[in-house]
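Keeping their order, the protein sequence lines are chains V and U. So for the first sequence, this note's numbering puts the first residue at 1; every next one is plus one. So for the second sequence, this note's numbering puts the first residue at 1; every next one is plus one. In what follows, a structure is listed as structure tokens, so that the remarks can point back to it.
Protein chains: 2
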Amino acid sequence: MQLTRRAEYAIRTMLDIASNLDDQPLMSKEIAARQDIPPNFLIQIVPELRSAGLIHTVRGSGGGIYLTKKPSEISLRYIVEAIEGPIALNQCLIGEASCSRKPNCPIHEVWALAQRQMLSVLEATTLAGLVDQSQPGKRAGKTSTATDVAGKINNEVELEV
Amino acid sequence: MQLTRRAEYAIRTMLDIASNLDDQPLMSKEIAARQDIPPNFLIQIVPELRSAGLIHTVRGSGGGIYLTKKPSEISLRYIVEAIEGPIALNQCLIGEASCSRKPNCPIHEVWALAQRQMLSVLEATTLAGLVDQSQPGKRAGKTSTATDVAGKINNEVELEV
DNA sequence: CATAAAGTTTACCATTTTACTTAAGTTTAG
DNA sequence: CTAAACTTAAGTAAAATGGTAAACTTTATG
Ligand code: FES
Ligand code: FES
Numbered sequence: 001m002q003l004t005r006r007a008e009y010a011i012r013t014m015l016d017i018a019s020n021l022d023d024q025p026l027m028s029k030e031i032a033a034r035q036d037i038p039p040n041f042l043i044q045i046v047p048e049l050r051s052a053g054l055i056h057t058v059r060g061s062g063g064g065i066y067l068t069k070k071p072s073e074i075s076l077r078y079i080v081e082a083i084e085g086p087i088a089l090n091q092c093l094i095g096e097a098s099c100s101r102k103p104n105c106p107i108h109e110v111w112a113l114a115q116r117q118m119l120s121v122l123e124a125t126t127l128a129g130l131v132d133q134s135q136p137g138k139r140a141g142k143t144s145t146a147t148d149v150a151g152k153i154n155n156e157v158e159l160e161v
Numbered sequence: 001m002q003l004t005r006r007a008e009y010a011i012r013t014m015l016d017i018a019s020n021l022d023d024q025p026l027m028s029k030e031i032a033a034r035q036d037i038p039p040n041f042l043i044q045i046v047p048e049l050r051s052a053g054l055i056h057t058v059r060g061s062g063g064g065i066y067l068t069k070k071p072s073e074i075s076l077r078y079i080v081e082a083i084e085g086p087i088a089l090n091q092c093l094i095g096e097a098s099c100s101r102k103p104n105c106p107i108h109e110v111w112a113l114a115q116r117q118m119l120s121v122l123e124a125t126t127l128a129g130l131v132d133q134s135q136p137g138k139r140a141g142k143t144s145t146a147t148d149v150a151g152k153i154n155n156e157v158e159l160e161v
């Protein structure tokens, strides 16, 4: 029931890059140092973020990492699922692999709802919002902070489970 | 990020007992058969539910299991935490074991909120509500179903994280 | 073109968790 | 006293977790 270190490190990495205002790519080693990530662990996570299409990587001397999309288009849910695969609070909530009990299981709806509530928050939170929070005034535009999200959740559209 | 089998089986067990209208204790073996739980696994889970104060057990011939509290007083959250310990979506949300990054971590609030949203659902759902749903008309009284909860969540009081 | 700086790939590793199974108790009704 | 029921304590195979390490490829630069 807990986020893995890999995913936590992935979030820190993405946030670190989003906070970088220069447009030169960042080195994995520097990110690791700034974000308290074991460097040799991070260079294992970086390729996963790349295959997920979240970052571009430049090899060779002078290379590094930069974002593929705008920070406002990258949600926490997206990052977590890039590393851990689809989020599912219970086995029976994964894709169509239904357990035999699903048809008349009274608990199923509850988990589905709990998951929707949780995903709403992770989906409404973008890197842009998080950057704004830690560097107020450095960027303009409408972004959402965690506390904004609290009031906003209830207007969210239905998310598929 | 997923419920363990132990906790899932614990929920099924509690629900099975709550659905039992006779007041004679139920045998672990019978519960296991009805709820598709490996019997030898369940007899390992039962003592945990007992130490958590959720059930009473009667030993010896004719013995079995019955609930300690009324089904309306037992929430899903309570059952899950009896088996898995405190629910925490991220390490830094466990008790006071704060990571060194917490003071200026912009992500922390987000996880805290996501967790509150999820816990609200698990806390608002009681065994009584679930029983009502699968056996309509068999019990009276005000209980809450999963779909009721959906509209109710937003009025919930603040939960500590 | 040699070299160092960067990411890539693959493999390895110890520890813990998970989901069980097994077996030897202990208690109690009948 | 004996069978029925819960209790306790091991044991176990497989997977996940959180890393580490080494060999490889690409590219800028001198
Ligand atoms: S089938 Fe999904 S919770 Fe029971
Ligand atoms: S300290 Fe809790 S998420 Fe960063």
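Yeah, the Cβ is synthetic: ideal placement off N, Cα and C, and Gly gets one too. Treat the numbers as computed from the prediction; the structure is a model and nothing was measured.
Do Met118 (chain V) and Met118 (chain U) have their C-beta atoms within less than 7 Å of each other?
At the C-beta level, Met118 (chain V) and Met118 (chain U) come within 7 Å of one another.
Alpha carbons only, please: which of V:Pro39, V:Ile37, V:Thr126, V:Ser134 is nearest the one belonging to Asn104 (chain U)?
If we check each option's Cα against that of Asn104 (chain U), V:Ser134 comes out closest.
Closer than 8 Å by beta-carbon distance: list the chain U residues that pair up with Leu122 (chain V), in chain order.
Correct list: Val110, Ala114.
May I ask you to check if the CB of Asn104 (chain V) is nearer than 6 Å to at least one heavy atom of ligand 1?
Result no, Cβ not under 6 Å from ligand 1.
Given a limit of 9 Å on CB to CB distance, which residues of the region 23-53 of chain U reach chain V?
If the cut-off is 9 Å between Cβ atoms, the region 23-53 of chain U has Gln35, Asp36 near chain V.
Measuring only the C-alpha atoms, how far is Trp111 (chain U) from Gly60 (chain U)?
Their backbone Cα atoms lie some 47 Å apart in a straight line.
State the DSSP-derived secondary structure class of Ile37 (chain V), mapped to helix, strand or coil.
Ile37 (chain V) falls in the coil class under three-state DSSP.
With burial defined as no fewer than 16 other Cβ atoms inside 10 Å of the residue's Cβ, what is the status of Met27 (chain V): buried or exposed?
Answer is exposed; the Cβ neighbour count stays below 16.
What's the call for Ser75 (chain U), buried or exposed, on a 16-neighbour Cβ count within 10 Å?
With 16 or more Cβ atoms within 10 Å of its Cβ, Ser75 (chain U) is classed as buried.
Contact with chain U by Val161 (chain V), beta-carbon distance below 7 Å:
At Val161 (chain V) the pLDDT is 42, less than 50, meaning the model places this residue with poor confidence; the figure from the coordinates comes in the next sentence. Chain U, which has no Cβ nearer than 7 Å to the Cβ of Val161 (chain V), makes this no.
Is Arg77 (chain U) near ligand 1, judged by its Cβ being under 6 Å from some heavy atom?
No, ligand 1 has no heavy atom inside 6 Å of this Cβ.
When you measure from the CB of Ile45 (chain V) to every non-hydrogen atom of ligand 4, does any distance come out below 6 Å?
By its list of ligands, the structure shown excludes ligand 4, since it contains just ligand 1 and ligand 2.
At the 7 Å Cβ level, is Thr57 (chain U) part of the contact set with chain V, yes or no?
No - not a single Cβ of chain V is within 7 Å of the one on Thr57 (chain U).
Mind checking the region 83-107 of chain U against chain V and listing, in chain order, the residues whose C-beta falls within less than 8 Å of any C-beta there?
Listed by position, the residues of the region 83-107 of chain U near chain V (Cβ gap below 8 Å) are Glu84, Ile87, Ala88, Leu89, Asn90, Gln91, Ser100, Arg101, Asn104, Pro106, Ile107.
Using the rule of at least 16 other Cβ atoms within 10 Å of the residue's Cβ for burial, across every protein chain shown, is Ile43 (chain U) buried or exposed?
Its Cβ having fewer than 16 others within 10 Å, Ile43 (chain U) is exposed.
So Met1 (chain V) contacts chain U; which residues on that side make the cut at Cβ distance below 9 Å?
Met1, Gln2, Leu3, Thr4, Ala7, Val80, Glu84, Ile87, Ala88, Leu89, listed in chain order.
CB of Ala114 (chain U) within 7 Å of CB of Val121 (chain V), strictly:
Yes.
Using a threshold of 7 Å, state whether the C-beta atoms of Ile31 (chain V) and Thr13 (chain V) are closer than that.
Taking 7 Å as the Cβ cut-off, Ile31 (chain V) and Thr13 (chain V) qualify as a contacting pair.
Chain-ordered chain U contacts of Ile11 (chain V) [CB-CB under 7 Å]:
The contacting residues are Ile107.
How about Leu173 (chain U): is its C-beta nearer than 7 Å to some C-beta of chain V?
Because chain U is modelled from 1 through 161, residue 173 (chain U) falls outside the range shown and cannot be assessed.
Inter-residue spacing [alpha-carbon to alpha-carbon] between Glu165 (chain V) and Gln24 (chain U):
Here chain V comprises residues numbered 1 to 161, so residue 165 (chain V) is not present and cannot be evaluated.
Classification of Glu8 (chain U) by the beta-carbon crowding that lies within 10 angstroms, buried from 16 upward:
Burial call: buried.
I think Pro71 (chain U) touches Ala18 (chain U), with their Cβ atoms under 8 Å apart; what is that distance to the nearest whole Å?
Confirmed, about 4 Å.
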